[in-house]
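Residue numbers (the numbering used here), protein chains in the order written: chain A, 1 to 379; chain B, 380 to 753.
From the three backbone atoms N, C-alpha and C, an ideal C-beta is built for every residue, glycine too.
Keep in mind that this is a model prediction, so the values were computed, not measured.
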């Protein structure tokens with residue numbers, strides 16, 4: 001014990017060194033070789049789905065992770081709570097959160113300069129396609145110009161910083177599948193158009209300034225942590241509540257839209273891999289399997305022995321002004337050059353999400369039965 | 380059965396309907412409901428104001444930011460799924476104070492009778508960290524909203540959420556005529572918003588009011604404001620889920636009231652014949668230490684056993700002492716606070732004890748771990 005500079009909680013982790021690694025909070029933390037300092041990552045959008053999986057992954061790789069979050073009078077760090085160590089508790093808290101905003105260039109510059117990260121992952125966005133039709137200006141400012149502001153901060157830093165830009169299959173839009181890095185963009189929403197702008201800012205900064213900047217063109221990626229108004233999670237949340245008798249119907253839009261859906265936990269690994277290469281580049285990340293919303297419904301409801309047709313109502317308000325009919329990625333480049341491949345397939349993804357949302361519905365039921373909350377009104 | 384109903388004009392049954400649990404006064408036929416637009420509706424004041432306005436028969440629209448996290452917790456009890464009831468009288472729309480276009484769009488689409496600008500980056504300490512963002516939303520955002528209101532095709536009454544923080548280091552008691560001396564980017568931005576509002580009233584004849592509200596708290600207060608931070612800690616400490624709470628300057632003195640009382644003052648300002656600016660306050664000042672004493676004392680604990688001072692919570696520039704002079708509001712509006720300091724503290728502690736009990740139910744059922752706490 002004498003030779004360790006560590007505190008008690010680090011010692012506990014050492015005891016687990018030989019046991020199988022579980023979740024990161026109790027997992028083995030690779031110790032940096034004395035003299036070698038930890039790599040530092042800065043993540044925008046850390047409070048979102050991808051942000052939380054990426055943070056777990058990087059912490060597991062021994063990184064110090066800093067995240068930029070918006071300030072709200074509501075609690076917005078639910079996806080990070082299991083990773084959060086109160087700074088009063090442990091000198092070795094390796095995830096730290098700071099206030100900033102993609103619309104505020106000054107805040108981005110301040111944190112890049114203060115932290116001098118080795119890697120920056122720009123995951124922040126107004127990320128809902130349908131909502132982008134309602135708040136296009138805001139979406140464009142955060143998603144497009146925000147990326148530019150962050151690139152500027154990185155470019156001006158006094159040391160080399162590697163930059164990852166979260167691209168999106170939505171950029172391909174109406175271009176017919178399968179879509180690869182060489183397929184033309186044809187964005188069908190303000191969100192997608194803004195992502196196209198951010199893509200080209202990133203390419204331009206790479207070409208003009210020699211920045212190690214990569215675009216990850218990720219196709220849809222889901223998980224139990226997905227936001228509840230994205231269709232996959234909306235469905236699995238509904239399945240859980242319907243199964244527990246807390247809800248009866250779910251209202252949806254276009255059931256024929258086809259997407260290439262993977263597991264977000266697999267996809268964040270691809271992000272990191274891109275930044276470990278000798279040369280920067282742009283990569284499609286996808287399972288290469290496409291399914292319609294109707295197939296997702298079929299899988300999700302039947303998994304708990306229900307018939308989706310008994311519970312789904314079509315509501316025209318959920319149709320998009322301009323639709324993206326069919327996405328199916330060609331991820332040959334990522335699989336060859338990065339050695340990446342997805343581990344979780346479509347059926348397992350659906351099961352994972354439904355299982356999780358059944359647990360959440362059970363928890364809601366515990367509180368309903370204990371009289372703490374009313375079952376929320378549902379049609 | 381028209382004959383049976385006789386002279387009754389209302390086609391619906393005479394008993395009141397329940398919406399979100401409250402009684403809804405029915406509008407007199409021929410008279411349409413007043414429409415209110417509330418920015419910052421997801422916050423503490425937004426939720427109390429919405430309840431109050433719904434209780435007065437208004438149709439309430441709120442502007443909210445989009446997040447992949449759930450941010451409408453304070454409104455859940457008022458929310459009626461639109462698929463459920465044609466008569467949902469509270470509706471939420473996406474917008475942002477930084478986005479002039481979104482503000483203009485909703486003012487034009489809804490043509491509200493009244494607009495309440497409660498939205499802000501509302502934490503004083505955080506404003507030292509993100510001053511640009513704070514200034515853009517709190518200062519320029521107010522201007523964007525005033526512009527949208529000014530350009531609307533019908534007269535709209537506008538309420539601007541001012542703050543006692545604007546008085547800053549000006550010694551107490553502070554009234555409408557006391558000089559401003561803001562001590563944070565938050566306060567300075569609020570001063571800007573105050574003067575934009577006055578200017579739009581004077582230049583364009585807009586019915587625009589500044590509510591200079593002193594601190595107002597409640598069980599719905601955000602958890603990193605000192606009062607709620609304390610009562611949340613008291614609840615968790617009492618239930619054995621926590622042992623310490625870290626605080627900053629215990630000598631700061633504030634005039635604390637109950638938010639539910641204060642939103643009524645906002646509405647009253649917009650019902651007058653003439654627009655004006657009003658201080659709203661209890662006229663009683665207490666230190667953070669006194670709040671600690673009352674909160675811990677309410678559950679039989681000694682605050683000194685549980686409080687640790689952490690210099691990170693001290694402000695770069697402090698506001699030592701606020702105590703409002705609300706004579707004008709009491710006379711002209713007939714407003715007065717109903718909940719005093721001791722009752723406010725009890726209300727908050729009682730609520731946070733219930734929340735801690737609920738956390739304990741889930742901890743005991745194995746659903747969550749008691750969060751790490753020093």
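Taking 3 residues as the shortest admissible run, the region 289–354 of chain A contains the following complete beta strand (DSSP E) segments, listed from N- to C-terminal end: 312–314.
When secondary structure is reduced to three states using DSSP, residue 587 (chain B) falls in the strand class. Scanning chain A for C-beta atoms nearer than 9 Å to the C-beta of residue 744 (chain B) yields 363, 366, reported in chain order.
Contact of residue 423 (chain B) with chain A by beta-carbon distance below 8 Å involves 73. Looking at A:201, A:70, A:224, the one whose alpha-carbon comes closest to that of residue 282 (chain A) is A:201. The alpha carbon of residue 61 (chain A) has as its nearest neighbour, out of A:207, A:311, A:38, the alpha carbon of A:38. Listed as beta-bridge partners of residue 222 (chain A) by DSSP are A:263. The residues 66, 67, 68, 69, 111, in chain order, have a CB closer than 8 Å to that of residue 98 (chain A) in the same chain once the five nearest residues on each side in sequence are set aside. Shown here, residue 622 (chain B) sits in coil according to DSSP, grouped into three states, outside any helix or strand. Shown in chain order are the members of the region 499–510 of chain B whose Cβ falls below 7 Å from a Cβ of chain A: 500, 501, 502, 505, 508, 509.
Pairwise C-beta distances place the region 263–276 of chain A in contact with the region 325–343 of chain A, as three or more of them are shorter than 8 Å.
Boundaries around residue 536 (chain B) are those of the beta strand (DSSP E), 536–542, since no alpha helix (DSSP H) includes it. For residue 76 (chain A), the chain B residues whose C-beta falls within less than 8 Å of its own C-beta are 446, 448, 450, listed in chain order.
Close partners of residue 251 (chain A) in chain B (Cβ separation under 7 Å): 462. Scanning A:330, A:42, A:353, A:366 for the CA closest to the CA of residue 183 (chain A) turns up A:330. For residue 156 (chain A), the number of other beta carbons within 10 angstroms of its own is below 16, and it is reported as exposed. Looking at the DSSP output, residue 214 (chain A) bridges to A:164. The beta carbon of residue 332 (chain A) sits no closer than 8 Å to any beta carbon of chain B.
For the region 100–122 of chain A, the beta-carbon criterion of a distance under 7 Å to any beta-carbon of chain B is satisfied by 100, 101, 103, 104, 106, 107. The beta carbon of residue 127 (chain A) falls within 8 Å of a beta carbon belonging to chain B, placing the residue at that interface. Around residue 500 (chain B), the same chain offers 506, 509, 512, 513, 516, 517, 565 as residues with beta carbons nearer than 8 Å, after the five sequence neighbours per side are excluded. Only residues of its own chain outside the window of five on either side were considered, and among them 544, 547, 548, 694, 696, 697, 698 have a CB closer than 8 Å to the CB of residue 562 (chain B), listed in chain order. Annotated three-state conformation of residue 442 (chain B) is strand, per DSSP. Boundaries of the beta strand (DSSP E) harbouring residue 471 (chain B): 469–473, taken from the DSSP string. Nearest CB-CB separation between residue 47 (chain A) and chain B: below the 8 Å threshold. A Cβ-Cβ contact shorter than 8 Å links residue 666 (chain B) with residue 630 (chain B). Neighbourhood of residue 480 (chain B) in chain A, by CB distance below 7 Å: 137, in chain order.
Residue 102 (chain A) carries a coil assignment under DSSP once its states are collapsed to helix, strand and coil. Think of a sphere of 8 Å around the beta carbon of residue 477 (chain B): the chain A residues whose beta carbon falls inside it are 103, 138, 141, in chain order.
When DSSP states are grouped into helix, strand and coil, residue 240 (chain A) belongs to the helix group.
Residues of the region 724–740 of chain B with a Cβ closer than 7 Å to any Cβ of chain A, in chain order: 737, 740. DSSP, reduced to helix, strand and coil, places residue 194 (chain A) within a helical segment of the structure shown.
Under the Cβ criterion (8 Å, minimum of three pairs), the region 308–320 of chain A does not count as touching the region 356–371 of chain A.
Secondary structure of residue 74 (chain A) (DSSP, three-state): coil. Residue contact check for residue 711 (chain B) against chain A: no CB pair falls below 8 Å.
Remark: C-beta atoms of residue 595 (chain B) and residue 541 (chain B) do not approach each other more closely than 8 Å.
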